[in-house]
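Let me begin by presenting the structure, written as structure tokens, before commenting on it.
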Amino acid sequence: MSQQTSATVAVFASPTSWIESDALDQCHQVAALDGMIHVAAMPDLHPGKGAPIGAAMTSATLYPFLVGSDIGCGIAVFPIRLRRADPARLAARFPDLDHAPDADDPAWDVVEGDIPAGHVEGLGTVGRGNHFVELARVGTVFEPDHASRLGLAAGDLVLVVHSGSRGLGERILRAHTEVHGAGPAPDPAAYLAMHDDAVRWGSLNRRLMAARVAHALGTEPAEPVVDQCHNLVEVRDGVYLHRKGAAPGDGRDVLIAGTRGTPSYLVAAHAGPEANHSVAHGAGRKMSRADALRRGRAKHTVEELRRTPVGSLVVCGDRQLLFEEAPTAYKRIEQVIADLVEHGLATPVATTVPLVTYKTADIGRDRRRKRGRS
């Protein structure tokens with residue numbers, strides 16, 4: 227009887243990059259699972275619930291927990307045309323993305339055909355955690371020809387939408403774990419069918435939110451120029467390629483999110499087999515939420531966190547979330563990008579610089595504004 231040997235593990239980060247030992251330990255724990263072939267850790271690697279975030283993992287066996295509950299989570303970029311980009315004025319006009327749009331909201335026009343899995347609950351909402359909808363300006367353009375092919379140039383405005391399948395993905399994972407725990411999918415085809423619905427749902431959700439914001443800001447919605455999912459599994463070369471916080475890097479254009487107080491980077495990804503055809507999905511946390519909350523409260527006030535180092539504004543009525551998602555809780559996005567470039571995984575095309583970042587509705591401010599008008 228042959229003995230199961232651990233899969234190979236490759237880390238695409240420089241020695242100076244911040245990589246937690248707990249995250250590396252998780253990579254090696256995953257590598258020891260039955261059927262695992264190769265684990266590629268991205269420079270934004272950090273510990274997750276049972277499996278690392280910022281990793282792409284190939285296996286002869288499909289493990290739903292390696293994708294997690296937010297199946298279909300990803301980042302899309304939508305061009306948007308506005309006459310004036312005054313952050314304070316525009317922040318006040320953002321719709322409440324914590325609640326579904328009204329039945330007569332014109333944003334519903336972007337929904338064509340059936341809603342995946344018939345799952346209407348939560349459609350058009352952003353969720354919590356690191357999800358966001360951001361109005362940004364294209365900053366530095368490194369590859370003008372490539373940016374031009376995407377219809378982008380320095381100074382253009384874009385909406386960046388980071389969200390996933392909300393309750394649908396959670397329901398799919400829960401149905402599996404209640405019976406099989408962290409074990410493999412007993413019927414991979416059945417899981418993949420549900421998974422694919424959640425991936426489509428996540429993409430539709432990003433489109434619907436972008437349309438809601440566009441209409442609220444007085445302009446028409448546009449098609450995304452980038453929309454890449456970073457929580458998914460695909461069958462590639464006869465094996466299962468799981469991505470958990472890792473974007474497809476095989477010839478795709480990917481928006482790698484910085485923080486609400488730093489630029490994000492649009493890159494042309496060209497990652498090969500050693501990186502499991504994947505790139506980073508963001509800056510990656512360097513502090514737990516509890517640490518970010520404790521340290522942030524000692525250093526900053528709520529009002530200080532509503533305006534970022536780049537002069538942008540943050541719409542966030544949840545004070546705890548403001549601290550948990552502070553820019554200082556994340557790694558330096560410039561280092562993550564430098565590591566990808568150094569390892570030949572991606573080429574920077576342009577940066578996007580935040581103007582308004584929506585995290586969750588600021589209900590208190592809405593009420594104060596109404597009282598001021600009455």
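Start counting at 1 in the sequence shown, then tack on 226, and there's your number in our numbering.
We treat Cβ as the ideally placed atom computed from N, Cα and C, and that holds for glycine.
DSSP beta-bridge partners of P305: Along the sequence shown, read from residue 1 onward, the residue named residue 305 stands at position 79. Answer is V384.
Report the partner residues of M283 according to the DSSP bridge assignment. In the sequence shown, residue 283 corresponds to position 57, counting from 1. Answer by DSSP bridge pairing, in chain order: V265, H468.
Beta-bridge pairing of R432 - partner residues as DSSP gives them: Within the sequence shown, residue 432 is the residue found at index 206, counting from 1. Looking at the DSSP assignment, R432 forms no beta bridge with any residue, so it has no partner.
If you scan the segment 365–416 from start to end, which runs of the alpha helix (DSSP H) of 4 or more residues do you find wholly inside it? 370–375, 393–406
Thinking just about the alpha-carbon of each residue, which of G508, S514, A473, K512 is nearest to the one in G498? As a working note, residue 498 is residue 272 in the sequence shown. It is A473 whose Cα lies nearest to the Cα of G498.
Could you name the residues of the same chain whose beta carbon sits closer than 6 Å to that of R307, not counting the 5 residues immediately before and after it, in chain order? Reading the sequence shown from its first residue, position 81 is the one you call residue 307. T445, listed in sequence order.
Do L581 and P313 have their CB atoms nearer than 8 Å? On the sequence shown, position 355 is the one that residue 581 refers to. On the sequence shown, position 87 is the one that residue 313 refers to. Closer than 8 Å, so yes.
So, under 8 Å CB-CB, P290 and L399 are touching, yes? Tell me the CB distance rounded to an integer number of Å. For the purposes of this step, residue 290 is taken as residue 64 along the sequence shown, with counting starting at 1. For the purposes of this step, residue 399 is taken as residue 173 along the sequence shown, with counting starting at 1. The Cβ separation is near 6 Å, so the contact holds.
Report the rounded CA-to-CA distance for F358 versus T485, giving the unit in angstroms. As a working note, residue 358 is residue 132 in the sequence shown. As a working note, residue 485 is residue 259 in the sequence shown. Their backbone Cα atoms lie some 10 Å apart in a straight line.
Taking the alpha carbon of A518 as the reference point, which residue from S490, L548, R532 has its own alpha carbon closest? Counting from 1 along the sequence shown, the entry for residue 518 is found at position 292. Answer by Cα proximity: L548.
Nearest-angstrom Cα separation, counted from D588 out to E530: Counted from its first residue, the sequence shown places residue 530 at position 304. Counted from its first residue, the sequence shown places residue 588 at position 362. Straight-line Cα distance between these residues: approximately 15 Å.
How is F549 classed by DSSP in three states: helix, strand or coil? For the purposes of this step, residue 549 is taken as the residue at position 323 of the sequence shown. Helix at F549.
Exposed or buried, what is G339 when buried is set at 16 or more other beta-carbons lying within 10 Å of its beta-carbon? Within the sequence shown, numbered from 1, the residue matching residue 339 stands at position 113. Its Cβ having fewer than 16 others within 10 Å, G339 is exposed.
CA-CA distance, S247 and L271? Along the sequence shown, read from residue 1 onward, the residue named residue 247 stands at position 21. Along the sequence shown, read from residue 1 onward, the residue named residue 271 stands at position 45. Spanning the two alpha carbons is a distance of roughly 10 Å.
According to the neighbour-count rule (16 or more other Cβ atoms, all chains shown, within 10 Å of its Cβ), is A254 buried or exposed? As a working mapping, residue 254 is identified with position 28 in the sequence shown. Note on residue identity: the sequence assigns His, not Ala, to residue 254. By the neighbour-count rule (16 or more Cβ atoms within 10 Å), H254 is not buried but exposed.
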